[in-house]
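Asks:
Structure representation (C-alpha coordinates):
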(Lines of atoms letter the chains of each structure in order from A; the text may use other names.)
(Lines give C-alpha, C1' and ligand atoms only; values in the text may rest on other atoms or scores of the structure.)
Protein backbone atom coordinates (compact mmCIF):
# COMPACT_ATOMS: atom_id res chain seq x y z
CA UNK A 1 0.00 0.00 0.00
CA UNK A 2 1.21 3.50 -0.86
CA UNK A 3 0.57 6.47 1.40
CA UNK A 4 -0.19 9.65 -0.56
CA UNK A 5 -1.27 13.26 -0.11
CA UNK A 6 -4.04 14.21 -2.53
CA UNK A 7 -3.51 17.47 -4.42
CA UNK A 8 -6.87 17.38 -6.25
CA UNK A 9 -10.29 16.04 -5.43
CA UNK A 10 -10.62 12.42 -6.58
CA UNK A 11 -14.13 10.99 -6.70
CA UNK A 12 -14.53 8.11 -4.28
CA UNK A 13 -11.16 8.69 -2.63
CA UNK A 14 -11.00 12.13 -1.00
CA UNK A 15 -10.40 15.83 -1.38
CA UNK A 16 -7.24 17.89 -1.73
CA UNK A 17 -5.09 17.72 1.38
CA UNK A 18 -6.30 14.30 2.53
CA UNK A 19 -3.74 11.62 3.37
CA UNK A 20 -4.86 8.29 1.88
CA UNK A 21 -3.52 4.78 1.46
CA UNK A 22 -4.07 3.16 -1.93
CA UNK A 23 -2.68 0.17 -3.77
CA UNK A 24 0.73 0.67 -5.34
CA UNK A 25 -0.46 0.22 -8.92
CA UNK A 26 -3.25 2.80 -8.55
CA UNK A 27 -0.77 5.28 -7.13
CA UNK A 28 1.99 4.57 -9.65
CA UNK A 29 -0.15 4.33 -12.78
CA UNK A 30 -2.96 6.83 -12.18
CA UNK A 31 -2.66 9.27 -9.27
CA UNK A 32 1.02 10.24 -9.44
CA UNK A 33 1.41 10.63 -13.26
CA UNK A 34 -1.70 12.82 -13.50
CA UNK A 35 -0.61 15.03 -10.60
CA UNK A 36 -3.58 14.09 -8.41
CA UNK A 37 -1.31 13.13 -5.49
CA UNK A 38 2.15 13.43 -3.98
CA UNK A 39 4.10 10.80 -2.10
CA UNK A 40 3.64 11.18 1.65
CA UNK A 41 6.71 12.11 3.68
CA UNK A 42 7.27 13.09 7.30
CA UNK A 43 7.78 16.70 6.19
CA UNK A 44 4.55 16.57 4.24
CA UNK A 45 2.45 18.17 7.00
CA UNK A 46 3.39 21.62 5.68
CA UNK A 47 2.21 20.57 2.23
CA UNK A 48 -1.06 19.27 3.67
CA UNK A 49 -1.72 22.57 5.45
CA UNK A 50 -0.95 24.68 2.36
CA UNK A 51 -3.15 22.47 0.14
CA UNK A 52 -6.04 22.71 2.61
CA UNK A 53 -5.62 26.50 2.85
CA UNK A 54 -5.70 26.85 -0.95
CA UNK A 55 -8.78 24.61 -1.14
CA UNK A 56 -10.55 26.67 1.53
CA UNK A 57 -9.85 29.87 -0.42
CA UNK A 58 -11.43 28.39 -3.58
CA UNK A 59 -14.49 26.86 -1.94
CA UNK A 60 -17.86 28.49 -1.62
CA UNK A 61 -18.04 29.73 1.95
CA UNK A 62 -21.48 28.75 3.09
CA UNK A 63 -24.00 26.02 2.43
CA UNK A 64 -26.71 28.56 1.59
CA UNK A 65 -24.58 30.17 -1.13
CA UNK A 66 -23.87 26.75 -2.62
CA UNK A 67 -27.58 25.85 -2.61
CA UNK A 68 -28.49 29.14 -4.32
CA UNK A 69 -25.85 28.59 -7.02
CA UNK A 70 -27.05 24.99 -7.48
CA UNK A 71 -30.63 26.22 -8.01
CA UNK A 72 -29.39 28.75 -10.59
CA UNK A 73 -27.30 26.16 -12.44
CA UNK A 74 -30.03 23.52 -12.53
CA UNK A 75 -32.60 25.93 -13.95
CA UNK A 76 -31.03 26.87 -17.29
CA UNK A 77 -29.28 24.92 -20.04
CA UNK A 78 -25.82 26.20 -20.96
CA UNK A 79 -24.99 26.49 -24.66
CA UNK A 80 -21.46 25.79 -25.90
CA UNK A 81 -20.61 26.84 -29.43
CA UNK A 82 -17.73 24.80 -30.84
CA UNK A 83 -16.20 24.05 -34.24
CA UNK A 84 -17.64 20.94 -35.82
CA UNK A 85 -17.66 19.17 -39.16
CA UNK A 86 -20.70 18.66 -41.37
CA UNK A 87 -21.58 15.37 -39.68
CA UNK A 88 -21.69 17.05 -36.25
CA UNK A 89 -18.39 15.61 -35.04
CA UNK A 90 -16.30 18.14 -33.10
CA UNK A 91 -12.76 19.17 -33.95
CA UNK A 92 -11.39 18.10 -30.58
CA UNK A 93 -13.36 17.56 -27.40
CA UNK A 94 -15.13 19.71 -24.82
CA UNK A 95 -13.15 19.99 -21.58
CA UNK A 96 -14.05 21.06 -18.05
CA UNK A 97 -12.49 24.49 -18.62
CA UNK A 98 -14.73 25.03 -21.65
CA UNK A 99 -17.83 24.21 -19.61
CA UNK A 100 -16.73 26.47 -16.72
CA UNK A 101 -16.14 29.44 -19.05
CA UNK A 102 -19.50 28.85 -20.80
CA UNK A 103 -21.31 28.84 -17.44
CA UNK A 104 -19.62 32.10 -16.49
CA UNK A 105 -20.37 33.63 -19.91
CA UNK A 106 -24.05 32.68 -19.50
CA UNK A 107 -24.12 34.78 -16.32
CA UNK A 108 -24.79 31.87 -13.99
CA UNK A 109 -21.74 32.44 -11.79
CA UNK A 110 -18.14 31.33 -11.62
CA UNK A 111 -17.39 27.68 -10.94
CA UNK A 112 -14.07 25.91 -10.50
CA UNK A 113 -13.19 23.62 -13.42
CA UNK A 114 -11.69 21.13 -10.96
CA UNK A 115 -15.13 20.63 -9.40
CA UNK A 116 -16.73 19.64 -12.74
CA UNK A 117 -17.30 16.03 -13.77
CA UNK A 118 -18.33 15.25 -17.32
CA UNK A 119 -20.31 12.01 -17.47
CA UNK A 120 -18.96 11.18 -20.94
CA UNK A 121 -16.51 12.50 -23.51
CA UNK A 122 -18.17 15.21 -25.56
CA UNK A 123 -17.07 14.68 -29.15
CA UNK A 124 -20.19 15.60 -31.13
CA UNK A 125 -23.00 18.14 -31.05
CA UNK A 126 -26.00 17.34 -28.88
CA UNK A 127 -27.30 17.54 -25.32
CA UNK A 128 -25.15 16.41 -22.39
CA UNK A 129 -24.99 16.72 -18.62
CA UNK A 130 -22.19 17.65 -16.26
CA UNK A 131 -22.08 17.45 -12.48
CA UNK A 132 -20.46 20.17 -10.38
CA UNK A 133 -19.60 19.71 -6.70
CA UNK A 134 -20.22 23.12 -5.14
CA UNK A 135 -19.90 22.13 -1.48
CA UNK A 136 -19.33 18.92 0.46
CA UNK A 137 -23.10 18.48 0.73
CA UNK A 138 -24.27 20.21 -2.47
CA UNK A 139 -23.84 19.20 -6.09
CA UNK A 140 -25.71 20.37 -9.17
CA UNK A 141 -26.38 18.96 -12.62
CA UNK A 142 -25.76 21.31 -15.54
CA UNK A 143 -27.57 20.71 -18.82
CA UNK A 144 -25.20 21.36 -21.72
CA UNK A 145 -26.27 22.03 -25.29
CA UNK A 146 -23.33 21.67 -27.66
CA UNK A 147 -23.92 23.37 -31.01
CA UNK A 148 -21.75 23.81 -34.10
CA UNK A 149 -20.53 27.31 -34.74
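Residue numbers (the UniProt record's numbering): 1 to 149. Ideal Cβ placement from N, Cα and C applies to all residues, glycine included.
Note the first and the last residue of the continuous alpha helix (DSSP H) segment covering residue 69.
Replies: The residue given as residue 69 occupies position 69 in the chain shown. It spans 63 to 75 - the alpha helix (DSSP H) in which residue 69 sits, taken as one unbroken run.
Asks: What ranges does the beta strand (DSSP E) occupy inside the region 88 to 112, keeping only unbroken runs of at least 3 residues that lie completely in it?
Replies: DSSP runs (the beta strand (DSSP E)) wholly in the region 88 to 112: 89 to 94.
Asks: Can you tell me whether residue 17 is buried or exposed? The criterion is at least 16 other CB atoms within 10 Å of its CB, across all chains shown.
Replies: Here the question's residue 17 lines up with position 17 in the chain shown. Answer is buried; the Cβ neighbour count reaches 16.
Asks: Pick from 2, 9, 78 and 4: whose alpha carbon is nearest that of residue 133?
Replies: Position 133 of the chain shown, counting from 1, holds the residue named residue 133. Measuring from the Cα of residue 133, the nearest candidate turns out to be 9.
Asks: Quick check: the Cα distance between residue 128 and residue 96, rounded to an integer number of angstroms?
Replies: On the chain shown, residue 128 is found 128 positions in, with the first residue counted as 1. On the chain shown, residue 96 is found 96 positions in, with the first residue counted as 1. Residue 128 and residue 96: Cα-Cα distance of roughly 13 Å.
Asks: Return the CA-CA distance between residue 72 and residue 19, expressed in angstroms with no decimal places.
Replies: Locating residue 72 in the chain shown gives position 72, counting from the first residue. Locating residue 19 in the chain shown gives position 19, counting from the first residue. Their backbone Cα atoms lie some 34 Å apart in a straight line.
Asks: Hey, quick one: how far does the beta strand (DSSP E) through residue 30 stretch, first residue to last?
Replies: Your numbering for residue 30 matches position 30 in the chain shown. That residue, residue 30, is in no beta strand (DSSP E); it is neither H nor E in DSSP.
Asks: Can you tell me where the beta strand (DSSP E) holding residue 117 begins and where it ends?
Replies: Residue numbering aside, residue 117 sits at position 117 when the chain shown is read from its first letter. Note, residue 117: beta strand (DSSP E), 116 to 118.
Asks: Please state if the CB of residue 54 and the CB of residue 4 are separated by a distance shorter than 7 Å.
Replies: Indexing the chain shown from 1 puts residue 4 at position 4. Indexing the chain shown from 1 puts residue 54 at position 54. Result no, Cβ atoms of residue 4 and residue 54 do not sit closer than 7 Å.
Asks: Under three-state DSSP, which class holds residue 16?
Replies: Position 16 of the chain shown, counting from 1, holds the residue named residue 16. Residue 16 falls in the coil class under three-state DSSP.
Asks: Could you tell me the alpha carbon to alpha carbon distance between residue 102 and residue 15, rounded to whole angstroms?
Replies: In the chain shown, the residue the question calls residue 102 occupies position 102. In the chain shown, the residue the question calls residue 15 occupies position 15. Between residue 102 and residue 15, the C-alpha separation is close to 25 Å.
Asks: Answer yes or no: do residue 122 and residue 146 have a C-beta to C-beta separation smaller than 7 Å?
Replies: What you label residue 122 is simply residue 122 of the chain shown in a count that begins at 1. What you label residue 146 is simply residue 146 of the chain shown in a count that begins at 1. In this structure, residue 146 lies closer than 7 Å to residue 122 by Cβ.
Asks: Could you tell me the alpha carbon to alpha carbon distance between residue 141 and residue 48, rounded to whole angstroms?
Replies: Residue 141 sits at position 141 when you count from the first residue of the chain shown. Residue 48 sits at position 48 when you count from the first residue of the chain shown. About 30 Å.
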